[in-house]
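Scroll down for the structure; my scribbles are underneath it.
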Ligand code: PBG
């Protein structure tokens, strides 16, 4: 190489010295309102409006607060919500999470209301038992006196319950059911029960397919009042050091017929996001930007370590670059506002 003709800085800058050139370098990472899903915590008490201490600016909402709360977001372009039920009273919790598919549950009552208020809004429901079980685990145990979680979670019974809950949400009008329990076989069981009820064509299955065991879920367990009463979830969530198992978990769900895949959490797992997108380019891939990631960024910005908007642009770009099509984030309302005002663009 002739050093007189070679100036690497010049070569680089010629690619992006102009705003439009910078945009052209970023065409594969467009960020649009429809990339985002906003998680909602629906409290059993219809008048609840409680800020969640560990998730600043995020609320547990009762049904009577929902319409006014969501209206400005829908006007800003919100296209999808992910519903979680929250139970305050232990008396509604039991061994098998019976209240999860009770017709009086906040989620089941909210779905038709949301459809009525916002007919265009896509309604996704998290399907799990942990917020409804007395032990706070995501499945059903063999017996009530548990020696250890590893030996006692009953896969068949757990999967059967998960499928029943998914069906109840589908019957209430959910467009997407999203099982977050990670038990083997639940996608198959959900699709079977939907097929038996002639609902397979009207409901999509978004699987939490690659879900790691993570300290980043800390604030969520407070938000959803779903912390395990004993033990942890390591025997049914992925070890953070795993790659092969993490990929195989999604392969399992593709084989069982999942429509949409997911990696959760995401900031520490973008290598897995990229690898999954390469392996399954024809499946929409979601990332869950989880509660601990939200809180970490919030507190960092509050302490003036960085600017919230600038750091979120960078983080969201990293998700899109890695291959995420869908981003589930508690920052969705803020980001939608910035997108609308054309302020979510570094170019
Ligand atoms: C329930 C569920 C969890 C999250 C989503 N669904 C908690 C867990 O698995 O422990 C975490 C979401 C977040 O941290 O924002 N199974």
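Residue numbers (UniProt numbering): 1 to 347. Here a beta-carbon is modelled for each residue, glycine too, at the ideal position from N, C-alpha and C. Source: prediction; values computed, not measured.
Nearest-angstrom Cα separation, counted from residue j out to residue i
i           : j           : result
residue 38  : residue 294 : 12 Å
residue 169 : residue 108 : 6 Å
residue 238 : residue 63  : 34 Å
residue 44  : residue 105 : 7 Å
residue 1   : residue 15  : Residue placement at residue 1 is flagged as unreliable, the pLDDT there being 46, under the threshold of 50; the coordinate-derived value follows with that caveat. Those two C-alpha atoms are separated by around 21 Å.
residue 161 : residue 155 : 10 Å
residue 319 : residue 215 : 20 Å
residue 243 : residue 212 : 11 Å
residue 57  : residue 332 : 12 Å
residue 233 : residue 210 : 14 Å
residue 329 : residue 301 : 17 Å
residue 59  : residue 41  : 7 Å
residue 271 : residue 240 : 12 Å
residue 261 : residue 269 : 14 Å
residue 112 : residue 192 : 24 Å
residue 351 : residue 190 : This structure cannot settle anything about residue 351, because the visible part of the chain is limited to 1 through 347.
residue 3   : residue 235 : The pLDDT assigned to residue 3 is 49, lower than 50, so where the model puts this residue is not dependable; a value taken from the coordinates is nonetheless given after this. Each residue's alpha carbon lies about 58 Å from the other.
residue 93  : residue 20  : 56 Å
residue 74  : residue 337 : 11 Å
residue 221 : residue 255 : 30 Å
residue 187 : residue 253 : 6 Å
residue 84  : residue 70  : 15 Å
residue 158 : residue 24  : 49 Å
residue 79  : residue 32  : 11 Å
residue 164 : residue 72  : 34 Å
Per-residue DSSP class, three states only, for residue i
i           : result
residue 41  : strand
residue 140 : coil
residue 133 : strand
residue 219 : helix
residue 128 : coil
residue 210 : strand
residue 1   : For residue 1, the predicted structure reports a pLDDT of 46, less than 50, and the residue's modelled location is therefore unreliable. The matter cannot be settled from this model.
residue 73  : helix
residue 189 : helix
residue 342 : coil
residue 59  : strand
residue 30  : coil
residue 50  : strand
residue 336 : helix
residue 357 : Since the first residue shown for the chain is 1 and the last is 347, residue 357 is missing from the structure and cannot be characterised.
residue 200 : coil
residue 230 : coil
residue 99  : helix
residue 259 : coil
residue 93  : coil
Candidates the options, of which the one nearest residue i by Cα
i           : options               : result
residue 298 : 182, 98, 55 and 132   : 55
residue 196 : 67, 171 and 113       : 171
residue 218 : 289, 203 and 235      : 289
residue 364 : 192, 174 and 136      : An answer regarding residue 364 cannot be provided, because it is not within the stretch 1 to 347 covered by the chain.
residue 204 : 339, 185, 158 and 125 : 125
residue 166 : 158, 159 and 177      : 177
residue 50  : 257, 280, 303 and 225 : 225
residue 35  : 327, 336, 335 and 206 : 327
residue 128 : 82, 76 and 256        : 82
residue 66  : 78, 110, 26 and 282   : 110
residue 352 : 207, 69 and 202       : The requested residue 352 does not occur in the structure, where the chain is confined to residues 1 to 347.
residue 257 : 282, 266 and 19       : 282
residue 152 : 142, 159 and 158      : 142
residue 88  : 71, 123, 47 and 17    : 47
residue 267 : 259, 253 and 317      : 317
residue 291 : 23, 53, 322 and 31    : 53
residue 265 : 305, 84, 279 and 324  : 324
residue 279 : 251, 304 and 296      : 251
residue 179 : 138, 322 and 202      : 138
residue 201 : 335, 285, 259 and 185 : 259
Per DSSP, cross-strand counterpart(s) of residue i
i           : result
residue 85  : 42
residue 289 : 329
residue 108 : Answer is none; residue 108 lacks a bridge partner.
residue 284 : Beta-bridge pairing links residue 284 to no other residue.
residue 153 : 141
Would you check if the segment 241–253 and the segment 275–286 touch, i.e. whether three or more CB-CB distances between them fall below 8 Å?
-> yes
Three or more C-beta pairs below 8 Å linking the segment 328–346 and the segment 306–316 = yes
Can at least three beta-carbon pairs, one atom from the segment 183–200 and one from the segment 98–118, be found at a separation below 8 Å?
-> no
So does the segment 121–139 actually touch the segment 228–235, counting three or more Cβ pairs closer than 8 Å?
-> yes
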